[in-house]
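So the mapping is simple: the numbering used here equals the position in the sequence shown, first residue as 1, plus 1.
Note that beta-carbon positions come from the ideal geometry of N, C-alpha and C, so glycine has one too.
See structure below.
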Amino acid sequence: MEKLEQYRHYVKQVITEYSQIGSSKEPIEQQLIFDTVGDHYQLMYVGWKNRRRYHGCVLHLDIKKGKIWIQHDGTEVGIANELVNLGVPKEDIVLAFHEPLVREYTGFAVG
2 MEKLEQYRHY
12 VKQVITEYSQ
22 IGSSKEPIEQ
32 QLIFDTVGDH
42 YQLMYVGWKN
52 RRRYHGCVLH
62 LDIKKGKIWI
72 QHDGTEVGIA
82 NELVNLGVPK
92 EDIVLAFHEP
102 LVREYTGFAV
112 G
């Protein structure tokens, strides 16, 4: 499988798996947003619970220039580690939530 298609598959897989964690009885809707044309992928939480509004991005990943860019990671596990476990090399994962000057110290790609 071509690298881009493989990365698309991996990104959708990890986001989908993470979305299935938690109770389906919760009133908070988990929305998977997969833009395979622009290669933008997100998991959003949307809804109401105990008179409080929930609307926010849990995960946001992009695929740019052959690398997976993690724009936001609201998980405890660390989606980058999940991608590495699937076989994605660290040099193909950018922790974009860190400023560019810090990325060289993360062990992952700079950009």
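Count the other CB atoms, across all protein chains shown, that sit within 10 Å of the CB of aspartate 74; report buried if there are 16 or more and exposed otherwise.
The residue labelled residue 74 in the question sits at position 73 within the sequence shown. That one is buried.
With isoleucine 71 and valine 95 assumed to form a contact (beta carbons below 8 angstroms), what rounded beta-carbon distance in angstroms separates them?
Residue 71 sits at position 70 when you count from the first residue of the sequence shown. Residue 95 sits at position 94 when you count from the first residue of the sequence shown. 7 angstroms between Cβ atoms; contact.
For the region 14-34 against the region 53-68, are there 3 or more C-beta pairs whose distance is under 8 angstroms?
Yes: the two stretches touch, three or more of their Cβ pairs being nearer than 8 angstroms.
Just the C-alpha distance for alanine 110 and proline 90, rounded to the nearest angstrom, thanks.
Here residue 110 refers to the residue found at position 109 of the sequence shown. Here residue 90 refers to the residue found at position 89 of the sequence shown. Cα-Cα distance, rounded: 9 angstroms.
Under 8 angstroms between C-beta atoms, does lysine 4 make it to chain C?
Among the chains in the structure shown there is no chain C, since it carries only a single protein chain.
Taking DSSP as the reference, what is the three-state secondary structure of histidine 56?
For the purposes of this step, residue 56 is taken as residue 55 along the sequence shown, with counting starting at 1. Here histidine 56 carries a strand assignment [DSSP, helix/strand/coil].
Simplified DSSP assignment, three categories, for valine 85
Counting from 1 along the sequence shown, the entry for residue 85 is found at position 84. Residue state, collapsed to three classes: helix.
Using a Cβ-Cβ cutoff of less than 6 angstroms, which residues in the same chain neighbour lysine 68 once the five nearest sequence positions on both sides are dropped?
Along the sequence shown, one-based indexing puts residue 68 at 67. Here the set comprises Asp93, Val95 and Ala110.
Suppose contacts are defined by Cβ-Cβ distances below 8 angstroms. Is tyrosine 42 in contact with glutamine 31 by that definition?
Within the sequence shown, numbered from 1, the residue matching residue 42 stands at position 41. Within the sequence shown, numbered from 1, the residue matching residue 31 stands at position 30. Pairing tyrosine 42 with glutamine 31 gives a Cβ-Cβ distance that is not under 8 angstroms.
For leucine 44, which of helix, strand or coil comes out of DSSP?
Taking the first residue of the sequence shown as 1, we reach residue 44 at position 43. Strand, per DSSP.
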